[in-house]
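To keep things clear, I will list the structure first and then write my remarks on it.
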Amino acid sequence: SLFDKVSPLQNLKSLEVGDNRFTGTIPTEIALMTALDTLDLKSNIFSGVLPPELFRLKSLITLRVSFNEFEGPLPAEIDNLENLQVLIFEENRKIGGTIPNSFGNLTSLLRLDLGACGLTGTIPEALGNLTKVASLNLFNNYLTGTIPDAIGDMENLVVAIMHYNDLEGVVPPKLCSLREDKLQMLEVDCKREVDCPVNCCTRCAD
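The numbering of the sequence shown is the working numbering, which starts it at 140 and goes up by one.
Next comes the structure, spelled out in structure tokens:
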């Protein structure tokens, strides 16, 4: 497999193999790649559970595994990746489960994409700790409950996409107030269960 060839390369800093048709799983030997700061596996056919060893690579800055067939749940130990700035899981529909509170400890994050991952449960208040995040994508899951007030603490948000879920209630005023600053795109299900104040949401999905 691909990883049989690259896992011995302990000094490799970037592994970008997106848009191929690679298959297989990520082996535990990935723990040997301690210099890796970019891992981009997007748009392949990788499968299986993401191994805990992956989340011991403290040098990782970018982790993109979107459009594959990885299985869940999302790893609680992800907060080991204290330098992570870009985290993209989009379109791995077999992941499922909930969003761990530990995601809120990834305070270096600039982009968080968990769209179309089959996620359930509520949006953790802890995500409000991610004050550097400019792009938050939670669309097309099975998330329930209300949008936490704490999401309004994400003061650098430019894009927040949360439509095609089962959310309810009212978009928090603090989140709406970000539209007066940097927030350019806010998409929720405000034609269905979510009430969005005037001049707040940029798209109301139905």
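The beta carbon of each residue, even a glycine, is placed where N, CA and C say it ideally should be.
On a predicted model such as this, the values are computed, not experimentally measured, just so you know.
From residue i to residue j, what does the alpha carbon distance come to, in whole angstroms?
i: N304; j: D345; result: 10 Å
i: N295; j: N222; result: 18 Å
i: L253; j: L213; result: 10 Å
i: R160; j: L180; result: 10 Å
i: L178; j: G257; result: 23 Å
i: V298; j: N207; result: 24 Å
i: S247; j: M293; result: 12 Å
i: S198; j: R318; result: 34 Å
i: T173; j: P287; result: 36 Å
i: L306; j: E168; result: 40 Å
i: G157; j: R203; result: 9 Å
i: T285; j: D320; result: 23 Å
i: L251; j: Q224; result: 8 Å
i: N240; j: L141; result: 32 Å
i: F194; j: D176; result: 12 Å
Quick check on this structure: which residue in the options has the alpha carbon closest to the alpha carbon of residue i?
i: P263; options: S247, K181, C339 and T237; result: T237
i: G187; options: N219, L171 and R232; result: R232
Reducing DSSP to helix, strand and coil, say where residue i ends up.
i: F194; result: helix
i: T164; result: coil
i: G291; result: helix
i: G267; result: helix
i: G243; result: helix
i: D218; result: helix
i: I169; result: helix
i: E319; result: helix
i: L296; result: coil
Taking the DSSP output, what are the residues bridged to residue i?
i: V327; result: C343
i: K233; result: E210
i: F185; result: G163
For the putative contact between residue i and residue j, defined by C-beta atoms under 8 Å, what is the C-beta separation to the nearest angstrom?
i: E332; j: M301; result: No, E332 and M301 are not in contact; Cβ-Cβ is about 12 Å, not under 8 Å.
i: T261; j: Y281; result: About 11 Å separates the two Cβ atoms, so there is no contact after all.
i: F242; j: A273; result: With a Cβ gap of about 16 Å, F242 and A273 do not count as contacting.
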